[in-house]
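Novice: Numbering of the sequence shown is given in the numbering used here, commencing with residue 83 and proceeding in unit increments. Yeah, the Cβ is synthetic: ideal placement off N, Cα and C, and Gly gets one too.
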Amino acid sequence: MKSSTFNLIKACVGSGVLSLSSGVAAFGDVPAAILPASILMSTLGVLSAYSFYIIGKMCSQTNSLTISEAWGKSVGEDSTWAISLACFLTPLGAALSYSIILADVFKALSATVGINLPRPVSILSMSTFVLYPLCSLQSLASLAPFSILGVVGILVTAVFMAVRAFGGAYGVGGAMAATLAPAFTPSFGNIGVNLVQPSSLILVSMAATAYLSHFNAPDFYNQLKSPSPRRFKILTGMGFFATAVLSILMMSFGFLTFGSASSGIILNNYSTLDVGATVCRLLMGIAIIGTYPFVFSGMRSAFFQLIKKGKTVTSKETKTATQLMLAGVTGLALVLKNAGFIVSFNGALMGSAIIYVFPPLMYLKSTGKKIKEGAMKVTKKVKLERMFNRLLIALGVTFAVCGGAVTVMDSFFPHLL
């Protein structure tokens, strides 16, 4: 159970957590904004944990090994394309945000050693000489240790952010304050806090990405020792509780340091002369490079599942798809500079669907069939849970439509908010 819990935390916590501070900055610029933001993150963490548990429960009841298989058996085989599409678009968004983060990280690292590396050069050289060879590997087994490095990077970054938040280095008169660009200078107390406004949906969307590991739910269930819904519920509770705590802490440390100036990737705020920030950037950069091929492989596999529908994929087709997809992601990364926008937009659309819509639909279809066949009694508990799942679907559609729209407006048409 301990190793499964660690792996679940590892699956949830990724570079998306570095965007959460900017989600708070979207609706407030005073320290008091942390309280409603933490309550919101906790609530969404509970809902995400519930839907994660539902997927495992459905896999148990349908004897399925994947979410697509469980969907086909509970909802219908004719709509499994929706799962495959989500399996393609979700890692596409992750790969794009990774490319943007890598460009920012290595641009900052170059500045630390006195080299002014243009952002386009950083992206193109990284994609050509590092990412393409790694994404072309036939086996990714040798890259597995990088997932551990990712966890180490996040933990080291969390400690560093805590030290900077309470150490005063970036406060007025602090040792690092004068080394910051104006856009990254801490800013507090100009607008106060107002959670009841459209821009608060940006944090909601980012939270969906921060808690998103639902495609892995079948693996976590089936890999449990003596798997059962009860043991899976315990695993889910512990994993998501730890994820929520770590996410809230990092969100708080970043916001308390920079306020409304918190950028889409909080590491961008810290000075290039800050040794601690340099270490964190290096760790996160290496971890993302090692993780990138796994995300890319998932995207490519889902693409072939959509267009080939189980037919054999040749090595030439794989190579061509790798080149075209990486070129497309790289091209988008050259145009889109805010990784926070990608994290929020991907969370609004794909995160909302995978967390709040797909699992409840599976549950409602499954229980509906059992009730119709007389295999399940319509107890008060069943009625309430079915009603709760309907509410989750409505919530997911609302988050997807409104969250996606607000994210686009905040990034490209801020005057409309």
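Can you confirm whether the stretch 265-276 touches the stretch 366-380 when touching is taken to mean that 3 or more C-beta pairs between the two stretches lie within less than 8 Å?
Specialist: no
Novice: Would you call the stretch 161-177 and the stretch 422-434 touching, i.e. three or more CB-CB distances under 8 Å?
Specialist: yes
Novice: What would DSSP say about V112, mapped onto helix, strand or coil?
Specialist: coil
Novice: For V106, does the count of other Cβ atoms within 10 angstroms reach 16, so buried, or fall short, so exposed?
Specialist: buried
Novice: Rounded to a whole number of angstroms, what is the C-alpha to C-alpha distance between T412 and L206?
Specialist: Distance between the alpha carbons of T412 and L206 is about 7 Å.
Novice: Which residues does DSSP pair with V275 in a beta bridge?
Specialist: G110
Novice: Can you tell me whether P202 is buried or exposed, with buried defined as 16 or more other CB within 10 angstroms of its CB?
Specialist: exposed
Novice: Mark M469 as exposed unless 16 or more other C-beta atoms lie within 10 angstroms of its C-beta, in which case mark it buried.
Specialist: exposed
Novice: Hey, how far is the Cα of R313 from the Cα of L306?
Specialist: The alpha-carbon of R313 is positioned some 8 Å away from that of L306.
Novice: Taking the C-alpha atoms as reference points, what is the distance between A259 and F188?
Specialist: 22 Å
Novice: Per DSSP, S150 is paired with what?
Specialist: Partner(s): none; S150 has no beta bridge.
Novice: Quick one: Cα of L126 to Cα of Q279, how far?
Specialist: 18 Å
Novice: Counting only runs that start and end within the stretch 293-350, where is the alpha helix (DSSP H) found for 4 or more residues in a row?
Specialist: 299-304 and 311-340
Novice: Whose CA, out of L122, C94, T449 and A240, lies closest to the CA of A51?
Specialist: Shown here, the chain extends from 83 to 499; a query on residue 51 therefore has no answer.
Novice: Can you check DSSP and say which residues form a bridge with S269?
Specialist: Bridge pairing for S269: G341 [DSSP].
Novice: Give a yes or no on whether the C-beta atoms belonging to F481 and S224 are separated by under 8 Å.
Specialist: no
Novice: So P442 and I475 are in contact, right, with Cβ under 8 Å, and what is the actual spacing, rounded?
Specialist: 5 Å
Novice: Using the Cα positions of F248 and G98, report the straight-line distance between them to the nearest angstrom.
Specialist: 23 Å
Novice: Under 8 Å by Cβ, that's how I've got A108 and S281 pegged, so tell me the actual separation to the nearest angstrom.
Specialist: 4 Å
Novice: Determine, using beta carbons only, whether V185 and S204 come nearer to each other than 8 Å.
Specialist: Looking at the sequence shown, residue 185 is not Val but Ala. Yes.
Novice: Could you check where the alpha helix (DSSP H) with Y374 kicks off and where it finishes?
Specialist: V357 to K390
Novice: Closest to V238 by C-alpha separation, out of R363, S334, L338 and Y303, would be which residue?
Specialist: Per the Cα distances, R363.
Novice: Could you please give the first and the last residue of the uninterrupted alpha helix (DSSP H) stretch that includes Y57?
Specialist: The shown model of the chain, from 83 to 499, leaves out residue 57, and the question about it has no answer.
Novice: State the start and end residues of the unbroken alpha helix (DSSP H) segment that holds D186.
Specialist: T162 to T194
Novice: Beta-carbon within less than 8 Å of I165's beta-carbon, same chain only, minus the 5 sequence neighbours each way: which residues are those?
Specialist: I149, S150, W153 and F440
Novice: By the 10 Å Cβ neighbour count, where 16 or more other Cβ atoms means buried, how is R472 classified, buried or exposed?
Specialist: Burial call: exposed.
Novice: Tell me which residues share the same chain as S120 and place their Cβ nearer than 6 Å to its Cβ, disregarding the 5 neighbours each side in the sequence.
Specialist: Closer than 6 Å at the Cβ level, and outside the excluded window around S120, lie I330.
Novice: Would you please state the rounded distance, in angstroms, between the beta carbons of C141 and Y293? I believe it to be under 8 Å.
Specialist: Wrong, their Cβ atoms sit about 19 Å apart, outside the cutoff.
Novice: Where G336 and K454 are concerned, what is the direct C-alpha to C-alpha distance, given to the nearest angstrom?
Specialist: 52 Å
Novice: Grouping DSSP H, G and I as helix and E and B as strand, with all else coil, what is Y352?
Specialist: coil
Novice: Measuring only the C-alpha atoms, how far is M295 from Y445?
Specialist: Correcting the residue type first, residue 295 is Ser in the shown sequence and not Met. So the two alpha carbons sit approximately 18 Å from each other.
Novice: Checking contacts by CB at 8 Å: is G253 closer than that to chain D?
Specialist: This model lacks chain D altogether, as it is built from one protein chain only.
Novice: If you drop the 5 nearest sequence neighbours on each side, which residues of the same chain put their C-beta closer than 6 Å to that of L35?
Specialist: Because the chain is modelled from 83 through 499, residue 35 falls outside the range shown and cannot be assessed.
Novice: Going by alpha carbons, who is nearest to L434 out of A115, K398, S308 and T291?
Specialist: Checking the sequence, you will find Ser at residue 434 rather than Leu. That would be T291, whose Cα lies nearest to the Cα of S434.
Novice: Quick one: is S397 buried, meaning 16 or more other Cβ sit within 10 Å of its Cβ, or exposed?
Specialist: With a 10 Å radius around the Cβ and a threshold of 16 neighbouring Cβ atoms, S397 comes out exposed.
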